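In this text, residue positions in the sequence shown follow this note's numbering: the first is 7, and each later residue adds one.
The beta carbon of each residue, even a glycine, is placed where N, CA and C say it ideally should be.
Every value quoted in this text rests on a predicted model; they were computed, and no experiment measured them.
Inspection log for the structure reproduced underneath, given as structure tokens.
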Amino acid sequence: MKSNIPAAHRIPIELVDKIGEAALDPSVGIHNQKSRTAALGFVHRRWARIFRPHVWGTVLIKSEGRLRSLCVLLNTRPPPSVIPARDLIERVWYILDFTVPIGAPWLHRAHRVLTPSLPHGGSNVMAGVLW
């Protein structure tokens, strides 16, 4: 007899957690972790609620264009059923590209531009620079 319950709801939450742990394996690097967890979020709405915090927990910003895009996204109102990304960000890393002769002239403005888009003015978000 066929079940009317969608397949994504029949999988025990413990198994979904194990799948998430495999996607978040630190040996694959943060870029691969993000793409893996983002892909899992597209499986089903239930999975999206589980994996969205992992996708948005750490944000990497490499350029002024990405900073502007992030600010627009954070100020865009999501559907009511979706937790806003701005509420999920815990860490922001500004990544410097020393292969560009000018360096990162946008960096001195980055934190000032980003913090108004975050809850509590970004006071609960850790920020740092990687190079």
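I need the DSSP call for Ile19, collapsed to helix, strand or coil. Looking up residue 19 in the sequence shown gives position 13. If DSSP states are grouped into helix, strand and coil, Ile19 belongs with the helices.
Among Lys40, Gln39, Ser69, the one whose alpha carbon lies nearest that of Val119: As a working note, residue 119 is residue 113 in the sequence shown. Distance check between Val119 and each of Lys40, Gln39, Ser69 places Ser69 closest, using alpha-carbon atoms only.
When we look at the beta-carbon of Arg92 and count the other beta-carbons within 10 Å, is it buried (16 or more) or exposed? One-based indexing of the sequence shown puts residue 92 at position 86. That one is buried.
In or out: Ala28 buried (at least 16 other Cβ within 10 Å) or exposed? Looking up residue 28 in the sequence shown gives position 22. Looking at its Cβ environment, which holds fewer than 16 other Cβ atoms inside 10 Å, Ala28 is exposed.
Excluding the 5 residues preceding and the 5 following Leu94 in the sequence, name in chain order all residues of the same chain whose CB lies nearer than 6 Å to its CB. If you number the sequence shown from 1, residue 94 lands on position 88. Cβ within range, chain order: Pro59, Trp62.
Looking at the strands, I want to know which residues DSSP matches up with Ile67. Taking the first residue of the sequence shown as position 1, residue 67 is located at position 61. BP columns for Ile67 point to Tyr100.
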